[in-house]
Amino acid sequence: SAVISQKPSRDICQRGTSLTIQCQVDSQVTMMFWYRQQPGQSLTLIATANQGSEATYESGFVIDKFPISRPNLTFSTLTVSNMSPEDSSIYLCSVSQRADPTGELFFGEGSRLTVL
Amino acid sequence: QQQVKQSPQSLIVQKGGISIINCAYENTAFDYFPWYQQFPGKGPALLIAIRPDVSEKKEGRFTISFNKSAKQFSLHIMDSQPGDSATYFCAAAPSGGYNKLIFGAGTRLAVHP
Chain G
332 SAVISQKPSR
342 DICQRGTSLT
352 IQCQVDSQVT
362 MMFWYRQQPG
372 QSLTLIATAN
382 QGSEATYESG
392 FVIDKFPISR
402 PNLTFSTLTV
412 SNMSPEDSSI
422 YLCSVSQRAD
432 PTGELFFGEG
442 SRLTVL
Chain S
-10 QQQVKQSPQS
0 LIVQKGGISI
10 INCAYENTAF
20 DYFPWYQQFP
30 GKGPALLIAI
40 RPDVSEKKEG
50 RFTISFNKSA
60 KQFSLHIMDS
70 QPGDSATYFC
80 AAAPSGGYNK
90 LIFGAGTRLA
100 VHP
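Residue numbers (the working numbering), protein chains in the order written: chain G, 332 to 447; chain S, -10 to 102.
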C-alpha cells in the first residue's frame, strides 16, 4: 500500500482566489491522479498527473482552471484557480504503484475546500 | 455510456442483517469492477473487486455478484456490523485502464445495533 499525505486538509477560500493542494506519497509511484468529490456526491477524475510533462485532463476540466505539477515520483500539486462557490468540493489525490494501468488505486484523505 | 448507476442512495440495516447494493453499467468495454468503502473524513479504500470472467467473488463477509449479460453487479455484506457503516461506491474501468475509474453515485449504509 501507499501512504498519501495531502495538504491542506481543509480550507476556506474567497471567491476569485487560487489555492494549491499538495500530495506527498511515502514511496515512488507510477501513476498519480486528482479526483473531485462534490458534497455528498461521487468521485470524478480531473486529470492524470504526468511526471515531467503536462497533465492529461478529462473532459470538462482544463489546465487553466486546474493546473497540475508533478516534479517527481512522490509529489504532485493541484491548483484550483480563480475559485467560485461551485468549486467547493473535496479534492483527492490518488496513486497507483503498478507499472501498468491495472494497479489498485490508493486515495489520500482529501482536501476539503469551501469557497465563499 | 460512461455512467455507472448505483442504488440505493441510502440503506439502513439492522446488525446481523444482509446489506445489498446494486450497480449497472452500459459500456461493454468495462472489464474491472471494484467496490470502494469510504468512512467520513477519509479517502475511499478498495474493498473488493471482480472481473467479468467470474460470476461471484467472496472475501470474508463481502461478496460481489456479477451478471455480465444484464450488465449488473452487486455487493452483499453478510452479518452487517455497525463498523460497516460507511459510504460504498461501485466503479468500473475499461481493459487496461483500471486506475481510470468511473464511480457510481455512492450508497450511504447505516447499520443499527
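Every residue, glycine too, gets a C-beta built ideally from N, C-alpha and C.
In the stretch 404 to 440 of chain G, which residue ranges form an unbroken beta strand (DSSP E) of at least 3 residues, counting only runs that do not cross its ends? 406 to 411, 420 to 427, 436 to 438
Considering only DSSP beta bridges, list what Ala333/G is partnered with. Looking at the DSSP assignment, Ala333/G forms no beta bridge with any residue, so it has no partner.
With a threshold of 7 Å on Cβ separation, who are the neighbours of Gln355/G within its own chain once the five nearest residues in sequence on each side are excluded? Ser336, Thr405, Phe406
Using alpha carbons as the reference points, say which of Cys424/G, Gln428/G, Val411/G lies closest to Thr445/G. Val411/G
Own chain, CB closer than 8 Å to His101/S, minus 5 neighbours either side, in chain order: Ile1, Val2, Gln3, Lys4, Pro71
Work out the CA separation of Ser400/G and Tyr388/G for me, nearest whole Å. 12 Å
Under the three-state DSSP convention, the category Pro71/S falls into: helix
Roughly how many whole angstroms lie between the Cα atoms of Arg346/G and Pro402/G? 28 Å
Touching or not, the stretch 10 to 28 of chain S and the stretch 75 to 85 of chain S, by the rule of three or more beta carbon pairs under 8 Å? yes
Take Arg341/G and list the residues in its own chain whose beta-carbon comes closer than 6 Å to its own, dropping the five residues that flank it on each side. Arg443
How long is the line joining the alpha carbons of Lys60/S and Ser419/G, rounded to whole angstroms? 34 Å
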